[in-house]
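**Q**
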Ligand SMILES: Cc1ncc(COP(=O)(O)O)c(C=O)c1O
Ligand SMILES: [Zn+2]
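Residue numbers (the numbering used here): 185 to 595.
This is the structure we're talking about:
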């Protein structure tokens, strides 16, 4: 079955519908993001969740609700997805929870969940004949796009901050991927990307193309499947731009629309940000529907540097609709939980996930998350990618080095 006949693009704001047969960016009527839609009624009648039992693991497992063909996906694939939902009972006991899992995205190629979005988007762009694409990223997405661009045979240029992970820079160098490093991010990245788009490069920035969200949403499908086609009560996200929240929520809504899962309620969405860059937490606490950009952000490298999240209003709406909550943590709390998690469970998480666990601990303490609730924490990346930004002092205390200027190190 060709999924393409059953697939179209729809503007998130004004609802204008577009065909999915050519590369598209944003709505031509109102410049809002486009989302991929499928004929869920028909697909739900044709495909049942039991059919998945006989399929291989990986993203193609969800082929009917992906924008690219399985054969192109397999050509571009590096084995992403199918990450475990690992029960973490010692950590659960420490936090006074009965059921706690970690969705371990650190096991993806290039070490983060960004692999899913890069794989699906580049597979679809390849099918659509795109030859050159550009994006700016705090680093992990750039590294994923650098790797998958080689698989897809598409030239990709990225713009990343100097205060990014050394591993990202080295991954990009290894792939001979063209990267521009800027001191002031995202301010200096904007004009560089805009000039390339003007020159005909495809705009692959977050929410400027509809395809990568489709890759990321597979996390939501997998989570439900791992729980025997059910939802947890709460999912805790380390949140930067908020696209992982948007993507997973889309998956859950699709699961209901397909009839693969019936549930009255969707999980509560919990957003954790660093105190040094928390525009969504501030807006949530002040009851605002739109955030104000955060001035002078300060966060450790590797994911949560998003002073002006592009999907801010949507993320705030989803958190409220799901009766979720937001919180902030400081870097020392994240450092503490990085060590606690590793010692309790043997999982070396990325800094953002350590912040998420610290946030979960805070919300348990305040009672915002009850001991009876089943909780999933997203480990969005592998701790080993962050090693060069981590110091261990004589007492074996961990210290995250803030905003390391990698150019000094790699000179
Ligand atoms: C490891 C890691 N965790 C979390 C995030 C934040 O994800 P989102 O932008 O979807 O909120 C990022 C984004 O760069 C990341 O690289
Ligand atoms: Zn529109």
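Quick reminder that beta carbons are idealized off the backbone N, C-alpha and C, glycines included. The model shown is predicted, which means the values in this text are computed figures rather than measured ones.
Using a strict less-than 6 Å threshold between each residue's beta carbon and the heavy atoms of ligand 2, what residues do you get?
**A** Matched residues: 195, 197, 198, 200, 211, 213, 214 and 216.
**Q** Let me make sure I understand the geometry here. Which of 446, 379, 200 and 308 has the alpha-carbon closest to that of residue 342?
**A** Looking at the Cα atoms, 379 is the closest of the given residues.
**Q** Closest to residue 561 by C-alpha separation, out of 567, 480, 471 and 454, would be which residue?
**A** Residue 561 has its Cα closest to that of 454, out of 567, 480, 471 and 454.
**Q** Quick one: is the Cβ of residue 294 within less than 6 Å of any heavy atom of ligand 1?
**A** Incorrect: residue 294 has no Cβ contact closer than 6 Å to ligand 1.
**Q** Does residue 214 pass the burial test, meaning 16 or more other C-beta atoms within 10 Å, or should it be called exposed?
**A** Residue 214 should be labelled exposed.
**Q** Could you give the first and the last residue of the continuous beta strand (DSSP E) run that contains residue 285?
**A** Start and end: 283-288.
**Q** Name the DSSP beta bridge partners of residue 602, please?
**A** The first residue shown for the chain is 185 and the last is 595, placing residue 602 beyond what the model contains.
**Q** Kindly indicate the opening and closing residues of the beta strand (DSSP E) around residue 192.
**A** It spans 191-195 - the beta strand (DSSP E) in which residue 192 sits, taken as one unbroken run.
**Q** Please determine whether the Cβ atom of residue 290 lies at a distance below 6 Å from any heavy atom of ligand 1.
**A** Result no, Cβ not under 6 Å from ligand 1.
**Q** Less than 7 Å separating the beta-carbons of residue 552 and residue 509?
**A** For residue 552 and residue 509, yes; Cβs fall inside 7 Å.
**Q** Between the Cα of residue 461 and the Cα atoms of 501, 356, 511 and 443, which residue gives the shortest distance?
**A** Considering only alpha carbons, the answer is 511.
**Q** Starting from residue 565, follow its DSSP beta bridges and name the residues at the other end.
**A** Answer is 296, bridged to residue 565.
**Q** With the cut-off set at 7 Å, would you say residue 317 and residue 266 are in Cβ contact?
**A** Contact flag unset, no.
**Q** If you count every other CB in all the chains shown that lies within 10 Å of the CB of residue 568, and 16 or more means buried, which is it?
**A** It counts as exposed.
**Q** Terminal residues of the continuous alpha helix (DSSP H) containing residue 222?
**A** Taken as a continuous stretch (DSSP letters only), residue 222 belongs to no alpha helix (DSSP H), being part of the beta strand (DSSP E) at 218-222.
**Q** Please state whether the Cβ-Cβ distance between residue 327 and residue 294 is less than 7 Å.
**A** It is a contact, given that the beta carbons lie within the stated cut-off.
**Q** Only counting the same chain, and skipping five residues up and downstream in sequence, which positions put a Cβ closer than 7 Å to that of residue 483?
**A** Taken in chain order, the residues that qualify are 458, 460, 461 and 489.
**Q** Do the region 489-501 and the region 423-443 meet, that is, are 3 or more Cβ pairs less than 8 Å apart?
**A** With a cut-off of 8 Å, the region 423-443 and the region 489-501 count as touching, because enough Cβ pairs lie within range.
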